[in-house]
Amino acid sequence: MPKYLVIVESPAKAKTIKKFLGSNYEVLASSGHVRDFPKSQMGIDFEHDYEPKYITIRGKGDLLAKLRKEVKKVDKVYLATDPDREGEAISWHLATALKLDTTLSNRIAFNEITKTAVKNSLKQARTIDMNLVNSQQARRMLDRMVGYCISPLLWEKVKRGLSAGRVQSVALRIICDREEEINAFVPQEYWTLEASIQANGEKKPLVAKFYGDEKSKIEIESEEQMNEILKKLENAEYKVTDVKVGERIKKAPLPFTTSTLQQEAAKVLNYSTQKTMRLAQQLYEGVDIKGSGTIGLISYLRTDSTRISEEADASVKEFIKENYSEKYVTSEDGNKNVGKKIQDAHEAIRPTYVDMTPTKIKESLSRDLFRLYQLIWKRFVASRMQPAKYETTSVKISANGYRFTTSASKLVFDGYLSVYNTEDDKEEKNNLSKTLDTNSKLTLIDTESKQHFTQPPAHFTEASLVKTLEELGIGRPSTYAPTITTIIARRYVAKENKNLYVTELGEIVNKIMLQAFSSIVDVNFTANLEMLLDRVEDGSVNWKTVVSNFYPDLDEAVQNAEKKLEKIKIEDEVTDVECEECGRKMVIKYGPHGKFLACPGFPECRNTKAYLEKIGVACPKCGKDVVIRKTKKGRKYFGCEDNPECDFMTWQRPTNEKCPKCGAIMVERGNTLVCSEETCGHTQPKEIKKED
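So for the sequence shown, UniProt numbering puts the first residue at 1; every next one is plus one.
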């Protein structure tokens, strides 16, 4: 009987696959990549057509030796790494390291780790797809060039332990741009008006919102305007002028892609992108289920496709029919709008066995795994169900030339909502009777006017950043989580209560990158590179063309920055603070967490202390100096130097100006001063001091 060796990436995956294959199959794991660029050098031969130089990763020598021994014992080797660029590259590196014949059909790939999928893949073995390998090689080399060219330059010139990355630097810029938008945002005042109205024969009053006059919508922008409207509404007669009853349908959501799974898991389960991917990897590779052994519970987790296989489609529709009835099964083809750039080899993220419901296997899963699996399972089942249907009622009410509107919707068929509910699916609550018509007598009970101020754009969360990166075409499913993890780990960005905030260190890095390497952090440039890598993958662009076109411009930018960065080099600033250890005047230095005070006598004197930078503004509570402080995670704010005795703090830079309207302090928002008292809303231009 012939002997076979199957090589996968992880021991968990190997364990799951082993149970599907006979005794003549040996399944071993490479534990990820076995070859990579050397850490001590760039690893690219620029003199010889950009040839990459690969070495065996430290610690993988023994593993490769073991694999070579096993290769000699078998008749055929199958490389069963993941079905994407990275997986294809790992197979190629394994084939090279093990001296396998790459002209043979020894590459197998499957979208889910099930017995059927694994067995079928053995029948459809192919040669290694070098377009996929070259696309991954090109990406790796571009990232390497940026990291190894720019990071040492930043370290040398700015001496801040800084580093740069092709995708991470763009992600940082996007967050910095949002922070600038927020800081420059000036709130605009607006008012809303609601009327509580009793209709004859109804127990509960209905609430109608002010819309405008009979001709158009009116935005109420001030208290004076509101008082004018209220005056005209005094003793007005309220009449129903129009009642419309209609139907609204809400379509079922598409099954998850990597991006939408990360977003929904963040929103619903409060999981970070890194945690979501770690748990999804476990679900894909296999979990030990009581009575069934190790089972891969979901299909491949790195995908931008919403397509599912015909078998999976038929299986889930049969499941819905049996458990919910025929009327819940969708009549639409769920694969008709899968997008242009989607590979047919990829599917959406879905359960491998739809009849393995979350409740059936709950005891075998940890709480975190169960919650993620349940989310994926529900979303997939819901995607093949009928839309939810609502009966809608909208009413127009007139009062002395003004118009009020009210509406309500009632769920008449739950459709996919019977399985999958989100915050967006909450039903509107209002008490609209079917008997309400143009003859209904209305009595005004009360009106309520409220002052509001427009809000600045929201800070990015991990979920909204992933969504933005995907929309802009930056990165790919496999890069979102590591990119976000990196900028947080390097303390360029702080994460507090889900929100991402730029740290002082992040601001410095972004400023330097914008000044010296504007094309590297250009959103369109980065998105265009991603598109070129896709073209390498489909074979229409040569990978060395992409690399050779990129490097000369980068090299020139680095050489220019050698001169430019001298100008922004931050020298140690001497302060009037004396070192308690030796009496020298302490200097301001930068570390991983921002500015701090250090003794210039280092290494003889190693004294350091926190640096509190005064901004020349008196604390409005106690009169002492306001200083720049940072939260534990690095987000900047302004507080009293006498903290914790004095609890004054603000996120915006305060000024010595007092609000002429209410007397509160004014804070800076871009080129505008805004009253710190939100209910006041006073704004005025900031005086720009002219330099002599």
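Yeah, the Cβ is synthetic: ideal placement off N, Cα and C, and Gly gets one too. No experiment lies behind these values; they were computed from the predicted model shown.
Name the DSSP bridge partner or partners of residue i?
i	result
G539	In the DSSP output, where bridge partners are listed per residue, G539 has none listed.
V493	V502
R107	L79 and R126
I249	K389
V587	V574 and A598
D446	S196
Pick helix, strand or coil for residue i, following the three-state DSSP scheme.
i	result
L283	helix
Q684	strand
V77	strand
M513	helix
T545	helix
D129	coil
I308	coil
V381	helix
C640	strand
A348	coil
K244	strand
T143	A small correction: the amino acid at residue 143 is Asp; Thr does not occupy that position in the sequence shown. D143 falls in the helix class under three-state DSSP.
Y353	coil
S259	helix
Y238	strand
V8	strand
A164	coil
R35	strand
V521	coil
C176	helix
S325	coil
D1	It should be noted that the sequence gives Met, not Asp, for residue 1. In this structure, M1 counts as coil in the three-state DSSP scheme.
Q451	strand
F596	strand
D368	helix
D555	helix
T679	coil
K290	coil
D333	coil
Could you check where the beta strand (DSSP E) with residue i kicks off and where it finishes?
i	result
E363	Segment: none, E363 is in no beta strand (DSSP E) and carries neither H nor E.
Y390	A388 to A399
K115	Segment K115 to K123 is the alpha helix (DSSP H) holding K115; no beta strand (DSSP E) there.
N499	N499 to V502
Y25	Y25 to A29
Y420	Taken as a continuous stretch (DSSP letters only), Y420 belongs to no beta strand (DSSP E), as it is neither H nor E.
I17	Where I17 is concerned, there is no enclosing beta strand (DSSP E), although the alpha helix (DSSP H) it sits in stretches over P11 to K18.
L411	Y402 to F413
D576	E573 to E578
residue 703	Nothing can be reported for residue 703, as the shown portion of the chain is limited to 1 through 692.
K609	T608 to A610
Quick one: is residue i buried, meaning 16 or more other Cβ sit within 10 Å of its Cβ, or exposed?
i	result
N134	buried
I17	buried
D82	buried
I512	buried
F550	buried
S10	buried
G445	Before going on, a small fix: residue 445 reads as Ile here, not Gly. Exposed: under 16 other Cβ atoms inside 10 Å.
L230	exposed
R126	exposed
D344	Low local confidence applies: a pLDDT of 43 at D344 is under 50, so the model's placement there is unreliable, and no value is given.
N396	Inspection of the sequence shows that residue 396 is occupied by Lys rather than by Asn. K396 is buried by the Cβ-count criterion.
N106	buried
N270	exposed
R669	buried
P253	buried
W543	buried
D553	exposed
W155	exposed
Output the boundary residues of the alpha helix (DSSP H) element that contains residue i.
i	result
E86	R85 to A97
L465	E462 to L472
K441	Unbroken run through K441: none, as it is neither H nor E.
L673	Run containing L673: none in the alpha helix (DSSP H); it sits in the beta strand (DSSP E), T672 to C675.
K231	E223 to L233
Tell me the start and end of each unbroken beta strand (DSSP E) in the segment 180-220 that is at least 3 residues and wholly inside, in chain order. 189-199 and 206-213
Kindly provide the ranges of any beta strand (DSSP E) runs that are 3 or more residues long and lie completely inside the segment 613-670, ordered along the chain. 613-618, 625-630, 636-640, 654-658 and 665-669
Please give the ranges of any beta strand (DSSP E) in the segment 37-81, keeping only runs that are unbroken, at least 3 residues long and fully inside the region. 76-79
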